[in-house]
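Input: a single structure, listed below in structure tokens.
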Amino acid sequence: MVEKMSYSQKLSIINLCISLCSKYGIKTIKGHKELTSTDCPGTYYPLNEIKTSVLNKISTTTYTIKPGDTLFAISKKFNTTVSSLKLKNNLKSNIIYPNEILKIQ
1 MVEKMSYSQK LSIINLCISL CSKYGIKTIK GHKELTSTDC PGTYYPLNEI KTSVLNKIST
61 TTYTIKPGDT LFAISKKFNT TVSSLKLKNN LKSNIIYPNE ILKIQ
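Numbering-wise, full-length UniProt numbering puts 58 at position 58 of the sequence shown, and it's gapless, one number per residue.
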């Protein structure tokens, strides 16, 4: 009997892939069938869904700070929050400087 992968299994795989991609700078994900002619394990293995979820999470948008920019203005420009920008960039205060590069997503 073939069972679909549970939500928690899928989420665990996605989080593992995100961690590995971020740690090692991996930008593409391939299933073993894309490397050899063997079949994927199980009919219901959601490889495309996992690929999409991981690649959406690891793609990072950056922004180079210009004179006069504020975290608030940048957050509005990219539809995020000041708190999120501070967290992603390990900022302790709202002070930013021109030519610094911020991670947005």
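Backbone N, C-alpha and C fix where the C-beta goes; we use that ideal spot for every residue, glycine too.
DSSP three-state call for L91: helix, strand or coil? coil
Tell me, to the nearest whole angstrom, how far the beta carbon of S75 is from that of I14; I am working on the premise that it is less than 8 Å. About 26 Å; that fails the 8 Å criterion.
Extent of the continuous alpha helix (DSSP H) to which Y7 belongs: Y7 to Y24
Apart from the five residues just before and just after C21, which ones in its own chain have a Cβ nearer than 7 Å to its Cβ? V54 and I58
Under 8 Å Cβ to Cβ from P98, same chain only, skipping five residues before and after it: list those, please. I65, K66, P67 and D69
Which residue from I26, V82 and T62 puts its Cα closest to that of L71? V82
Should L16 go down as buried or exposed, given a rule of 16 or more other Cβ atoms within 10 Å for buried? exposed
Residue range of the alpha helix (DSSP H) that includes K51: L47 to I58
Member of I26, P46 and K23 whose CA lies at the smallest distance from the CA of S8: P46
Whose C-beta lies closer than 8 Å to the C-beta of E100 among residues of the same chain, with five residues either side of it excluded? T64 and I65
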